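*Asks:*
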Amino acid sequence: GEVCPTLAAAITETDIDTRFANLISDDTHPHTLVANGHLDYILRKAVEDEGGVCLKWTCPGHRGVPDRMILFPGGIIAFVELKRPGAKVKAGGLQEWWRMKILSFGFPCYEISTAGDARHLVDFLSTRSFIQTAQDDAD
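One gets the working numbering by counting positions in the sequence shown from 1 and adding 1413 to each.
(1) How far does the alpha helix (DSSP H) with residue 1476 in it reach, from first residue to last?
(2) Which residues does DSSP pair with residue 1482 in a beta bridge?
(3) Mark residue 1490 as exposed unless 16 or more other C-beta atoms lie within 10 angstroms of its C-beta, in which case mark it buried.
(4) Measuring CB to CB, does residue 1519 end up less than 8 Å from residue 1486?
(5) Spatial neighbours of residue 1502 within its chain, please: CB distance less than 8 Å, with the 5 preceding and 5 following residues excluded, ordered by chain position.
(6) Residue 1480: beta carbon under 7 Å from a heavy atom of the ligand GDP?
(7) Please classify residue 1468 as buried or exposed, where buried requires at least 16 neighbouring CB atoms within 10 angstroms.
(8) Apply the 10 Å Cβ neighbour rule to residue 1433 and answer buried if 16 or more other Cβ atoms are within range, or exposed otherwise.
(9) Taking the C-alpha atoms as reference points, what is the distance between residue 1544 and residue 1461?
(10) Would you kindly report the start and end of the unbroken alpha helix (DSSP H) that includes residue 1524?
(11) Relative to the C-alpha of residue 1471, which candidate in 1454, 1459, 1492 and 1451 has its C-alpha closest?
(12) Beta-carbon within less than 6 Å of residue 1530's beta-carbon, same chain only, minus the 5 sequence neighbours each way: which residues are those?
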């Protein structure tokens, strides 16, 4: 595979003992990590900056659940599946089954693969939160 020149230089031009270095990512390409940061971090930071909580969702005994659950004031909740750019949830797979189940209960479930997707989703959810909390305060 390709090696990002900046990343390669960071390793080869420093005193890093490469015997103890590991670079691991399951949802993004090294070039994207260098340019934009890790999608998990970008999403979590954006949610927290807008006053929400972004939780890693693990469900022992149930594979295929979405990666994240986002909560905002005003009862705003969303489930999010993170994918590497260009990847999609497989039709007929467990992730799609969970997505459809969650939607059937009336909860939103999103799939994102880029930093832009993450920021747009957070803007949308935080706006809904603002509107809902303003309405709650007015009541």
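By construction, the Cβ of each residue, glycine as well, lies at the ideal position given by its N, Cα and C atoms.
The structure displayed is predicted, hence computed values, not measured ones.
*Replies:* Once the coordinates are examined:
(1) Note, residue 1476: premise wrong, no alpha helix (DSSP H); not H, not E.
(2) 1468 and 1492
(3) exposed
(4) no
(5) 1494, 1496, 1508, 1509, 1512 and 1524
(6) Questions concerning the ligand GDP fall outside what the structure shown contains, since it holds no ligand whatsoever.
(7) exposed
(8) exposed
(9) 18 Å
(10) That residue, residue 1524, is in no alpha helix (DSSP H); its beta strand (DSSP E) goes 1522–1525.
(11) 1492
(12) none
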